[in-house]
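A.B. asks: Heads up, the sequence shown is in my numbering, so the first residue is 45 and it goes up one at a time.
Using N, Cα and C, we set each Cβ at its ideal position, and we do this for glycine too.
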Amino acid sequence: MQTYLLIAAALLYAVCAILPTARGTLISAVTAIAWLLHGAALWLDMMAPGSVRIGFALMISAALWISVAAYWIENRNFALDGLRRLVMPCAAAAALLPAVFPGSVLQLEGRAPAFGWHISVAILAYSTLTIAAFHAVLMALQETRLHARNPQAGWLATALDQLPALLTMEKLLFRLIWIGFVLLSLTVLSGIVFSEQVFGTVLKWDHKSVFTLLSWFLFAALLAGRRWRGWRGKTALRFTLAGFATLVLAYVGSRFVLEVVLHRGLA
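(1) Using a 10 Å radius around the Cβ and a threshold of 16 neighbouring Cβ atoms, would you call T188 buried or exposed?
(2) In or out: D89 buried (at least 16 other Cβ within 10 Å) or exposed?
(3) Going by the CB atoms, is the gap between C134 and L108 shorter than 9 Å?
(4) Alpha carbon to alpha carbon, how far is F261 from V232? Give it in angstroms, no decimals.
(5) Cα-Cα, which of T212, S95 and A84 is closest to I110?
(6) The beta strand (DSSP E) spanning V292 covers which residue range?
(7) Closest to T65 by C-alpha separation, out of F288, Q206 and G269, would be which residue?
(8) Ignore the nearest five residues each way along the sequence and tell me which others in G244's own chain have a CB closer than 6 Å to its CB.
(9) Between R97, S72 and F283, which has its C-alpha nearest A265's C-alpha?
(10) Using a threshold of 9 Å, state whether the C-beta atoms of G147 and G224 are closer than that.
(11) Candidates A58, M183 and T172: which alpha carbon is nearest A280's?
(12) Can you have a look at I62 and say buried or exposed, based on whether 16 or more other CB atoms are within 10 angstroms of its CB?
(13) Quick check on DSSP: helix, strand or coil for M91?
(14) Under 6 Å Cβ to Cβ from V242, same chain only, skipping five residues before and after it: list those, please.
(15) Would the segment 163-183 count as touching the segment 286-295 if we require 3 or more Cβ pairs under 8 Å?
(16) Mapping the DSSP letters down to three states, classify L217 as helix, strand or coil.
(17) Output needed for R270: all residues of its chain with C-beta closer than 8 Å, excluding positions within five of it in sequence on either side, in chain order.
(18) Going by DSSP, name the residue or residues bridged to V96.
(19) Can you check whether the CB of L150 is closer than 9 Å to the CB of V96?
(20) Apply the 10 Å Cβ neighbour rule to T256 and answer buried if 16 or more other Cβ atoms are within range, or exposed otherwise.
(21) Using only CA atoms, which one of V165, A106 and L130 lies nearest to T202?
(22) Does DSSP put Q46 in a helix, a strand or coil?
(23) Would you identify the three-state DSSP class for A209, choosing helix, strand or coil?
(24) For A143, which of helix, strand or coil comes out of DSSP?
(25) Comparing C-alpha positions only, which one of T47, M91 and H179 sits nearest to I163?
(26) Under the three-state reduction of DSSP, which class applies to V242: helix, strand or coil?
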């Protein structure tokens with residue numbers, strides 16, 4: 045069932061990517077249907093009585109699911125048609141990933157009832173900050189194109205030209221970072237609570253904890269620098285990508301190595 049829903053969502057995302065800009069109402073409707081199918085498939089795939097399925101493919105798929113929602117909502121306030129042509133193909137590919145790499149099942153029996161919520165908040169945090177990193181890359185490409193002496197035409201160039209002004213993109217970036225930072229803070233706090241319950245220590249110092257805390261500090265420094273030093277432009281982009289990179293090393297990257305390279309389950 046989940047596989048069919050993922051395939052249907054991927055096909056609809058692909059349709060959204062190629063529809064002409066003038067068909068705004070149809071684009072909005074197809075996006076909403078694809079997003080609902082994608083969300084239903086993720087829920088059915090991840091959640092089961094007494095267990096939860098996790099893996100790098102599910103994380104990436106969830107990130108693009110939230111990215112589509114962010115596009116759909118923000119498109120009502122800003123002209124983001126260029127973003128649609130970039131997000132939808134990525135969402136179509138990400139929707140199919142869990143069918144190829146199903147991940148591992150984590151049993152929740154014997155754990156605190158709120159442990160499932162900890163996992164959910166962590167996934168939302170990773171997903172939101174993934175979108176922020178994707179957004180930062182688009183801004184870097186957009187700025188490079190603006191300063192190019194002989195800008196070339198092409199599919200990507202056309203999509204970049206249709207993005208909002210850099211100042212508007214920057215406002216959207218920091219909105220995403222604030223949301224992701226709050227969710228990441230909740231993830232760290234709830235992780236400390238569960239670490240004490242499961243391992244008898246306030247914090248288990250493994251690679252996940254170290255890289256997650258490093259990512260939290262990087263995003264905290266970025267938001268503080270933005271607030272009191274007015275950081276923007278390349279400084280903001282560097283901190284965003286550095287924070288995202290450490291977050292990838294904390295979980296998604298390690299899960300990819302375990303599941304795809306080493307063919308191992310939960311560690």
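C.D. replies: Let me spell this out:
(1) Position 144 of the sequence shown, counting from 1, holds the residue named residue 188. When all chains shown are included, T188 counts as exposed.
(2) Along the sequence shown, one-based indexing puts residue 89 at 45. D89 counts as buried, since no fewer than 16 other beta carbons sit within 10 angstroms of its beta carbon.
(3) Reading the sequence shown from its first residue, position 64 is the one you call residue 108. Reading the sequence shown from its first residue, position 90 is the one you call residue 134. Their beta carbons are under 9 Å apart, which means L108 touches C134 by this criterion.
(4) In the sequence shown, residue 232 corresponds to position 188, counting from 1. In the sequence shown, residue 261 corresponds to position 217, counting from 1. Put simply, the backbone Cα of V232 is about 11 Å away from that of F261.
(5) Here residue 110 corresponds to residue number 66 of the sequence shown, with the count starting at 1. If you compare the alpha carbons of T212, S95 and A84 with that of I110, the shortest gap goes to A84.
(6) By one-based count along the sequence shown, residue 292 stands at place 248. V292 -> no beta strand (DSSP E), and no H or E assigned at all.
(7) Position 21 of the sequence shown, counted from the start, is the residue given in the question as residue 65. Taking the Cα of T65 as reference, the smallest distance to any Cα among F288, Q206 and G269 is reached at Q206.
(8) If you number the sequence shown from 1, residue 244 lands on position 200. In this prediction, G244 has a pLDDT of 48, which is less than 50 and means its spatial position is unreliable; what the coordinates show is noted afterwards. Answer for G244: no residue qualifies.
(9) As a working note, residue 265 is residue 221 in the sequence shown. Minimum Cα distance to A265 is reached at F283.
(10) Position 103 of the sequence shown, counted from the first residue, corresponds to residue 147. Position 180 of the sequence shown, counted from the first residue, corresponds to residue 224. No. Outside cutoff.
(11) Translated into positions along the sequence shown, residue 280 becomes position 236. Considering only alpha carbons, the answer is M183.
(12) For this step, residue 62 is matched to residue 18 along the sequence shown. It is exposed - the Cβ of I62 has fewer than 16 other Cβ atoms within 10 Å.
(13) Along the sequence shown, read from residue 1 onward, the residue named residue 91 stands at position 47. M91 falls in the strand class under three-state DSSP.
(14) Mapped onto the sequence shown, residue 242 falls at position 198. Low per-residue confidence applies at V242: pLDDT is 49, beneath 50, and the placement is therefore not dependable, though the value from the model is reported in the following sentence. Excluding five sequence positions before and after V242, none of the CB atoms of its chain fall closer than 6 Å to its own CB.
(15) Enough Cβ pairs lie closer than 8 Å, so yes.
(16) Taking the first residue of the sequence shown as position 1, residue 217 is located at position 173. DSSP, read as helix, strand or coil, puts L217 in helix.
(17) Locating residue 270 in the sequence shown gives position 226, counting from the first residue. Excluding residues within five positions, the ones whose Cβ falls inside 8 Å are F218, R276 and A280.
(18) Position 52 of the sequence shown, counted from the first residue, corresponds to residue 96. According to DSSP, V96 bridges with M91 and L150.
(19) Numbered from its first residue, the sequence shown carries residue 96 at position 52. Numbered from its first residue, the sequence shown carries residue 150 at position 106. The answer is yes: Cβ separation under 9 Å.
(20) By 1-based counting over the sequence shown, the position of residue 256 is 212. By the neighbour-count rule (16 or more Cβ atoms within 10 Å), T256 is buried.
(21) For the purposes of this step, residue 202 is taken as the residue at position 158 of the sequence shown. Measuring C-alpha to C-alpha distances from T202 to each of V165, A106 and L130 identifies L130 as the nearest.
(22) Against the sequence shown, residue 46 aligns to sequence position 2. If DSSP states are grouped into helix, strand and coil, Q46 belongs with the helices.
(23) Position 165 of the sequence shown, counted from the first residue, corresponds to residue 209. In the structure shown, A209 falls within a coil segment according to DSSP collapsed to helix, strand and coil.
(24) Here residue 143 is taken as the residue at index 99 of the sequence shown, counted from 1. A143 carries a helical assignment under DSSP once its states are collapsed to helix, strand and coil.
(25) Looking up residue 163 in the sequence shown gives position 119. For I163, the closest C-alpha among the options T47, M91 and H179 is that of M91.
(26) The count along the sequence shown starts at 1 and reaches residue 242 at position 198. Residue placement at V242 is poorly supported in this model, since its pLDDT is 49, which falls under 50; the coordinates are not used for a value here.
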